[in-house]
Amino acid sequence: MRKKYQKITSLGVLFFVSANVYAQTGDTIKVKTVDEVKITVGSRNKSRVATDTPVPVDVINIGSQSVLSPQMDLNQILNYAAPSFTSNSTTVADGTDHVDPAQLRGLGPDQVLVLLNGKRRHTSSLVNINGSPGRGSVGTDLNAIPAFAIERLEVLRDGASAQYGSDAIAGVINVIMKKNTNNLTAAITAGGFNSKGANDHRGGWDGGKYQLDLNYGTKLGTTGFLNFTASFLNRGATGRAGTATGDIFNAYNAIEQRALENGVDINALFGNINETQNKQQIVGYIHQYAQAVSYFNAAQQAAIQGASTIQDVKDANGNVTQRGLQSILNFDVTNQELTYRGLERNDFNMRVGQSKLGSGQFFVNSEFDISPSVRGYAFGGLSYRQGNAAGFYRRPNQSRTPTSLYPNGFLPEIASDVIDLSLAAGFKGKVGKISYDISNTFGQNTFDYTIKNTANTSMLGSKKSEFRAGGLGFLQNTINADFDTKFDWLKGFNVAFGGEVRLERYKIESGEEASWALYDINGNIQTPGTLASLKPTDFMGATRPGGAQVFPGFRPENALKKGRSSVAAYLDTELDVTDRWLLSAALRYENYSDFGSTFNYKVATRYKLTHNINIRAAHSTGFRAPSLQQIYFNATATQFVGGTAFEVGTFSNDSNVAQILGIPQLKQEESKSFSVGFTAKIPQANLTFTVDGYYIKIKNRVVLTDQFSRPAGTFPAGSPENNLQQGFDRANANAATFFANAIDTQTKGVEGVISHRFKASEKVSLNTDLAVTVSKTNRVGDIHGSDILINAGQVNRYYSETSRVYLEEAVPRFKASLNNSLEFNNFSILLRNVYFGKVTDPNTTDVNGDGVVDSSIINGQVVPTEHPVWAAKIITDLSVGYKFTKELRVTIGANNLLDIYPDKNYGPRTIKTSPGGPVNSIDLSNQDQFIYSRNVSQFGMNGRFLFVRLNLSF
């Protein structure tokens, strides 16, 4: 994929210049009210406005938002501006650190359809398989679109599969690009986190963000336009870890360091410590350099000098008769060795918080006359992002750390190269009374991994620290033919119809061999026949793992290229029965080459009780085709057990393992939704109200299961456990995760918006918006599982308690925002408070302090269910802008002005597993690294962000 960069960059030059989060039209941030905006989503009647639709449509003016808003990317702008929308950055979650999952109405990231200028937008190639909300889903990467290129967003909060096809179960987000001409606008934003938690809670500044946005439009002919946008971002990492606790160095680490300082690499003398021919030389060096460790006491030195073997010597009964150096040196010397090496515990912290990111984006939007009656258009763009996130720190006393290369351990990094390319072109016009729009929309997303500052510990003596780990790619091409016309029947009858052909391609590219291979001491890839004596170990005898640490690359067995096609036809009608009563209905038939066909419908109505009060209702069926990523993604490794190779990991839905274990082919999710609401205006008070309630039931929802495993032990022939053992053996696997249509869910909620517009004079105005959303999602009915797995007692791994929390409670179910925007002479002020409701952490621990993790009986099994609940918080944004001249506006402000953080995570807890039973310890903070939960977060964990922005207009 790297070879494509230069070609794609060359294409980007064609898109040229322009940029960021809000261009002003002319010299004002004032825009049309929602009442005046003719929407393009939710209704194919081109004269319909947002408040006149039978379903809720929010119109968000990005231009006015981004001049004052502290948020700089589209996901976060929506997260604060639209309560029904949720998106948060993750930390230590592999590729998901660089692509933020986004959700609408609490449903999955892949259950909302994204359009760009009314055309279907492609999804990301990345499937979210890590521990974060939206696990198992594939969403659209909204941050690949620069906010500065956007005029407005239209958010349809209602099921619309019958109108727009797959994915539109929760609703549709239509991104409308800018069209302005004869105006060059720019925004220069600089900011960072000035917070008590910055720099691993030492305070100060970190996570600097610097963004340049440019936008320019020019006329094409007399009525056409050509609008360019460019956006460039450099984002630094934040540190929100505590201070690393636990053991870091053992006595052997101290001795090997003294040897290294004198040019002796003890680790180079062995590949497998148990079989090396250099044992006496190793013992001699340890005797020699142990004397250089000044803090060893007399007894420790005597034990070391008196040892003549590496391993313990045992008698015929297994009793130790003479201690070897492995057991003698296996004691903690962390504090003393930190002092000797001039290090602190903070030097071993993980990088917890915002990941590093650099990006460049070029977008263009255009319309032009092809002939007096035919109008052409083209739009699209290129987005390139380079991210860098880190994993868990590899400490020197661990077998996964080659201390010859990294004497102090290492923090492995996942570097990502994400390229997003899109181009749509078409023509539209009118033949008689029928309007037409013919278009082709192409989109492609690639995600390449490079693992840096890492090692493959089975590569003995290697200094290689960077590995190409492979990548993912998704391509989509959509051809649309859309027609609409109006009839003078009753008060007006609008008929739209058309068809769609869509092609999709998905691929996984393997990484270089060293990124995934497990080698023996001779540099050969291990096989089932590899002798134990040939397997690399550390000094303590622990086997060295293979593959690049933190992210082993995709193997050749994982590589694939898959595709499918679909065709669709639709009919969408609107009838104004009277001046007060509107009826709409839509039908859509769609056929996919891989799973078959689906038929969906929608009916909706709106009735004007008075000129200022409308009531509305809708019912629809919907669907979501399983993504190619969910069907074919696989990431597996080989384990050798008893001389036999077994596969473990995530297997594709069409794999032999899936078939043997009874996992059926993925099919479409199907939904039924109902909504009812009203809109009201009080013109004398400049007040508007909207309230909508909804209910959505989804059948055969796709989830990523937990890991099924081969039962351990011996079971009678014909028993469920024995049958499952045989199934795993036939599949040559012993642990497997799949995507499966495992559950049915229901979602219900209420959304309300109150808006007030006050204008004291031409120079003084105040706009206030209060928006509230309340929702609840839960599973209904039984888990859809295969008999062989359910009968063997593994039903809860289809949809585990962790998965339940991610689906039902990991995002705020209550969210509210109060926005106040004041303009006073040349001043502009934004004051916003957002209430993020409580969320539940998927982990379990002793929350109530009684020494026990509470459990429940779920499907006949005892399952821990005592989860931390992170309390609701209010986040305050404040920005003040001043217009110095017609060309220059300066804004300063803050996100999270009061430096609010989520509730702190739970540290070590001593747990009684049963009365009189063993005692375990649970530490959700992972040795004080995750001060705040890394699995869920309402608003992030970075604290107060301060910024200054210059808006220029010429």
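The numbering used here puts the sequence shown at residues 188 to 1141.
Glycine residues also receive a C-beta, built at the ideal position from the N, C-alpha and C atoms.
Everything numeric in this text was worked out from a predicted model, so none of it was measured.
Judging by CA-CA distance, which residue of the options is the nearest neighbour of residue i?
i: His-943; options: Ala-872, Val-961 and Asp-879; result: Ala-872
i: Gln-350; options: Ala-683, Ser-814, Val-764 and Asn-1138; result: Ala-683
i: Asn-484; options: Ala-565, Leu-516 and Tyr-571; result: Leu-516
i: Tyr-593; options: Glu-600, Arg-582 and Ala-602; result: Arg-582
i: Ala-804; options: Ala-772, Val-835 and Lys-868; result: Ala-772
i: Ser-570; options: Phe-654, Glu-777 and Ser-546; result: Ser-546
i: Tyr-1088; options: Tyr-1119, Val-325 and Gln-487; result: Tyr-1119
i: Thr-327; options: Asn-315, Ala-336, Phe-335 and Ser-319; result: Asn-315
i: Gly-740; options: Gly-968, Leu-769, His-474 and Gly-698; result: Gly-698
i: Glu-949; options: Lys-620, Ala-979, Asn-1012 and Phe-419; result: Asn-1012
i: Phe-1071; options: Arg-1096, Ser-1015 and Pro-1095; result: Ser-1015
i: Ala-455; options: Gly-648, Phe-380, Gln-548 and Val-940; result: Gly-648
i: Leu-911; options: Val-940, Ala-1059 and Gly-980; result: Gly-980
i: Val-844; options: Gly-379, Glu-448, Arg-344 and Phe-895; result: Phe-895
Within 10 angstroms of its Cβ, does residue i collect 16 or more other Cβ (buried), or is it exposed?
i: Ala-210; result: Summary for Ala-210: the model assigns pLDDT 30, below 50, so the residue's position carries little reliability; its value from the coordinates is reported in the next sentence. Classification for Ala-210: buried.
i: Lys-1147; result: Residue 1147 falls outside the range modelled here, since the chain spans only 188 to 1141, and no answer is possible.
i: Asn-459; result: buried
i: Val-1077; result: exposed
i: Ala-701; result: buried
i: Gly-1080; result: buried
i: Ile-869; result: exposed
i: Thr-714; result: exposed
i: Trp-1057; result: buried
i: Arg-917; result: exposed
i: Ser-1115; result: Looking at the sequence itself, residue 1115 is Asp, so the reference to Ser does not match. Asp-1115 comes out buried.
i: Trp-703; result: buried
i: His-798; result: exposed
i: Asp-1037; result: exposed
i: Arg-389; result: exposed
i: Pro-270; result: buried
i: Pro-599; result: buried
Rounded to whole angstroms, what is the Cα-Cα separation between residue i and residue j?
i: Asn-1030; j: Pro-1055; result: 7 Å
i: Ser-251; j: Phe-670; result: 33 Å
i: Ala-821; j: Ser-842; result: Reading the sequence as shown, one finds Asn at residue 821 and not Ala. Going by the C-alpha atoms only, they are around 9 Å apart.
i: Gln-573; j: Glu-744; result: 27 Å
i: Gly-972; j: Pro-851; result: 9 Å
i: Val-520; j: Val-998; result: 43 Å
i: Ser-784; j: Leu-610; result: 28 Å
i: Asp-1110; j: Met-537; result: 16 Å
i: Lys-935; j: Pro-296; result: 17 Å
i: Gly-733; j: Pro-898; result: 25 Å
i: Gly-567; j: Asn-1082; result: 31 Å
i: Lys-1002; j: Asn-440; result: 51 Å
i: Asp-387; j: Ala-428; result: 5 Å
i: Lys-884; j: Thr-808; result: 9 Å
In the DSSP output, what is residue i paired with across the bridge?
i: Thr-641; result: Partner(s): none; Thr-641 has no beta bridge.
i: Phe-1226; result: Nothing can be reported for residue 1226: it is not among the residues displayed for the chain, which extend from 188 to 1141.
i: Pro-1051; result: Ser-1042
i: Phe-1011; result: Val-951 and Phe-1014
i: Ser-780; result: Paired residue(s): none; Ser-780 is not in a bridge.
i: Met-364; result: Ile-337
i: Lys-868; result: Thr-875
i: Pro-599; result: Its beta-bridge partners do not exist; DSSP assigns none.
i: Gly-716; result: Beta-bridge pairing links Gly-716 to no other residue.
Tell me which residue opens and which closes the alpha helix (DSSP H) that residue i is part of.
i: Pro-907; result: 907-917
i: Leu-976; result: 974-978
i: Asn-262; result: 261-268
i: Leu-447; result: 438-448
i: Asn-843; result: 843-847
i: Leu-525; result: 521-528
i: Ser-702; result: 700-703
Got a sec, what are the start and stop residues for the beta strand (DSSP E) residue i sits in?
i: Asn-664; result: 654-674
i: Gln-548; result: 543-558
i: Gly-1068; result: 1060-1070
i: Asp-354; result: Where Asp-354 is concerned, there is no enclosing beta strand (DSSP E), given that its DSSP letter is neither H nor E.
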